[in-house]
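Asks: What follows is a structure written as C-alpha cells; I'll ask about it next.
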Amino acid sequence: MTAKQWIYLALERPEEASAAGRALSFALVALIVANALLVGTTGQVLSPLATGAVSVVSLCSTGVFAVEYLCRVWVADKVHPECAPARARLRYVFSVMGIVDVLAFLPALFVWLAPESVVLTDAVRVIRLVRLIKVTRYMRGLKSLSRVLVKHRQEIVASLMVLALLCIAASVLMYEVEHTVQPDKFDSVLTGLYWAMTTVTSTGYGDLVPITPVGRLIGFATMTLSIAVVAIPAGIFSAGFVAEFRQEDRRKADAEDARAEAERAAEAKGRAGEAGNAGAAEAGHAGEAAAGNAGAAAEAEGERAGAAPAAQPAGEGERADAAAPARAEGEELP
Numbered sequence: 001m002t003a004k005q006w007i008y009l010a011l012e013r014p015e016e017a018s019a020a021g022r023a024l025s026f027a028l029v030a031l032i033v034a035n036a037l038l039v040g041t042t043g044q045v046l047s048p049l050a051t052g053a054v055s056v057v058s059l060c061s062t063g064v065f066a067v068e069y070l071c072r073v074w075v076a077d078k079v080h081p082e083c084a085p086a087r088a089r090l091r092y093v094f095s096v097m098g099i100v101d102v103l104a105f106l107p108a109l110f111v112w113l114a115p116e117s118v119v120l121t122d123a124v125r126v127i128r129l130v131r132l133i134k135v136t137r138y139m140r141g142l143k144s145l146s147r148v149l150v151k152h153r154q155e156i157v158a159s160l161m162v163l164a165l166l167c168i169a170a171s172v173l174m175y176e177v178e179h180t181v182q183p184d185k186f187d188s189v190l191t192g193l194y195w196a197m198t199t200v201t202s203t204g205y206g207d208l209v210p211i212t213p214v215g216r217l218i219g220f221a222t223m224t225l226s227i228a229v230v231a232i233p234a235g236i237f238s239a240g241f242v243a244e245f246r247q248e249d250r251r252k253a254d255a256e257d258a259r260a261e262a263e264r265a266a267e268a269k270g271r272a273g274e275a276g277n278a279g280a281a282e283a284g285h286a287g288e289a290a291a292g293n294a295g296a297a298a299e300a301e302g303e304r305a306g307a308a309p310a311a312q313p314a315g316e317g318e319r320a321d322a323a324a325p326a327r328a329e330g331e332e333l334p
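All residue numbers for the sequence shown refer to my numbering, where the first residue is 1 and numbers rise by one.
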C-alpha cells in the first residue's frame, strides 16, 4: 500500500484503514473534542500552568489541522476519481468542508503573525468553533442527516414555508389586535413575529402575552395549528432517518455478500488452476509414455528390417552351391 492510499483510507474511510490509520482518525477526533473543551476556558482567569497547556494544545491543533488540510488536498483525486487531479483538488478546496478545514487553522496563524489585538483574538476564538464541524466526518448520524436533507429537501422546504407563513400571519394579526392595547409590548410586526415563533415552538417565555379576547383567540388558533405544522418536518426527518439507516445496512450487507462471492470465485479459480496443472502433468506423462512406446516400436521395426536383407543373400548362396554340382554333372554328360 502506498503512502497516498494509506492517508486516503485514514482520512476518508477509517473503517477500511489499517490499525495505524484508525488510530490516526481517532486522534483527530480527540483533538477536535479537546478544542471544543477549550472553548469553555475563554474569558476565565487560569493559572500559568493551565494557560501554558491551553497554548500548547492550541498550537498543536493549528499545526495538525494545517497538515491535515494539505493531506486532504493531496488525496482529493482519490476522493473524486471521476475528475482530473487538478479539478478534484479545486473541488475540495471550494467545498463546504474544505472551507471549514481552512478556517480551522488559518485564523490562528493570523493571530501569531499579526500584531496582538483583543478584537482579533476574540474573533479567532469565535471562528475556532468551526473546528467542531470537522467532527461530522466521523459521525454516522450527522452523515445520515446530511443525506436526509439532500434527499428530502423539497418536502422540508415546503413544510418550512408553511411554518413561515403561519408565523407571519399570526404576527401581523397579533400586532394589529394588541398594538392599541399594549403599544409598549407589541410595538412592531417584528415583535409580533417574535411572539409567533415562541408560541409555535412551544417556548412561551411569557414576556409577550395577549390580553384582548381576539388576541387570545389568535393565540389559541396559532398554538393549535402549530401542532400540525411542526409535526410535518419532524415526520419527514424521522421517516428519512429510518429509510437512510435501512439503506446503509442494506449496502453493508450487499458489500459483504459481494466480498464473500469474490472470495468464493477466487477459491474456485485457484482450484480450477490446480486441476488444470494436474491435468497438464497427466497429459505430459501420457505423452512421454506414448513417445516411449512409439520409439520402442520403431526400434523393433528397424531390427526386423535389418535382419531380412542379411538372410536373403545367404539363401541365394546356398542355391548357387546346390546348383554348382548339377552344372558339373551336366558338363560330364556326352
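Cβ atoms here follow ideal geometry from the backbone N, Cα and C, with glycine treated the same way.
Buried or exposed for serine 18, please, with buried defined as at least 16 other CB atoms from any protein chain shown within 10 angstroms of its CB.
Replies: Translated into positions along the sequence shown, residue 18 becomes position 18. Classification for serine 18: exposed.
Asks: If you follow the alpha helix (DSSP H) that proline 85 is in, where does it begin and where does it stop?
Replies: Indexing the sequence shown from 1 puts residue 85 at position 85. First-last of the alpha helix (DSSP H) with proline 85: 85-93.
Asks: Is threonine 2 buried or exposed, if buried means 16 or more other CB atoms sit within 10 Å of its CB?
Replies: The sequence position of residue 2 within the sequence shown is 2, counting from 1. Its Cβ having fewer than 16 others within 10 Å, threonine 2 is exposed.
Asks: Using DSSP with H/G/I as helix, E/B as strand and the rest coil, what is glutamine 182?
Replies: Working through the sequence shown from its first residue, we reach residue 182 at position 182. Coil, per DSSP.
Asks: Residues in the same chain with beta-carbon distance under 8 Å from leucine 132, minus the five sequence neighbours each way, listed in chain order, please.
Replies: Residue mapping note: residue 132 aligns to position 132 of the sequence shown, counting from 1. For leucine 132, where only same-chain residues beyond five positions count, the Cβ hits under 8 Å are Ile32, Asn35, Ala36.
Asks: Can you give me the Cβ contacts of alanine 262 inside the same chain, cut-off strictly under 8 Å, excluding the 5 residues immediately before and after it?
Replies: Within the sequence shown, residue 262 is the residue found at index 262, counting from 1. Nothing listed; no residue qualifies.
Asks: Within 10 angstroms of its Cβ, does threonine 62 collect 16 or more other Cβ (buried), or is it exposed?
Replies: Within the sequence shown, numbered from 1, the residue matching residue 62 stands at position 62. Answer is buried; the Cβ neighbour count reaches 16.
Asks: Any idea if glycine 219 is buried or exposed, counting beta-carbon neighbours within 10 angstroms, 16 or more meaning buried?
Replies: Along the sequence shown, read from residue 1 onward, the residue named residue 219 stands at position 219. Under this definition glycine 219 is a buried residue.
Asks: Can you give the Cα-Cα distance for arginine 216 and proline 210, rounded to whole angstroms?
Replies: The sequence position of residue 216 within the sequence shown is 216, counting from 1. The sequence position of residue 210 within the sequence shown is 210, counting from 1. One C-alpha to the other measures close to 6 Å.
Asks: So threonine 212 packs on glutamate 178, CB below 8 Å; how close in whole Å?
Replies: Numbered from its first residue, the sequence shown carries residue 212 at position 212. Numbered from its first residue, the sequence shown carries residue 178 at position 178. Correct: roughly 6 Å between the Cβ atoms.
Asks: Do phenylalanine 241 and valine 157 have their CB atoms nearer than 9 Å?
Replies: For this step, residue 241 is matched to residue 241 along the sequence shown. For this step, residue 157 is matched to residue 157 along the sequence shown. It is not a contact, given that the beta carbons lie outside the stated cut-off.
Asks: Give a yes or no on contact between the stretch 102-111 and the stretch 55-72, applying the rule of three or more CB pairs nearer than 8 Å.
Replies: Contact between the stretch 102-111 and the stretch 55-72 is present, because at least three Cβ pairs lie under 8 Å.
Asks: Within 10 angstroms of the Cβ of valine 7, are there 16 or more other Cβ atoms? Answer buried if so, exposed if not.
Replies: Residue 7 sits at position 7 when you count from the first residue of the sequence shown. It is isoleucine, not valine, that sits at residue 7 in the sequence shown. Its Cβ being crowded by 16 or more others within 10 Å, isoleucine 7 is buried.
Asks: Within 10 angstroms of the Cβ of methionine 161, are there 16 or more other Cβ atoms? Answer buried if so, exposed if not.
Replies: Locating residue 161 in the sequence shown gives position 161, counting from the first residue. Exposed, since its Cβ has fewer than 16 Cβ neighbours within 10 Å.
Asks: Quick one: Cα of tyrosine 194 to Cα of serine 171, how far?
Replies: Here residue 194 corresponds to residue number 194 of the sequence shown, with the count starting at 1. Here residue 171 corresponds to residue number 171 of the sequence shown, with the count starting at 1. Each residue's Cα considered, the two are about 8 Å apart.
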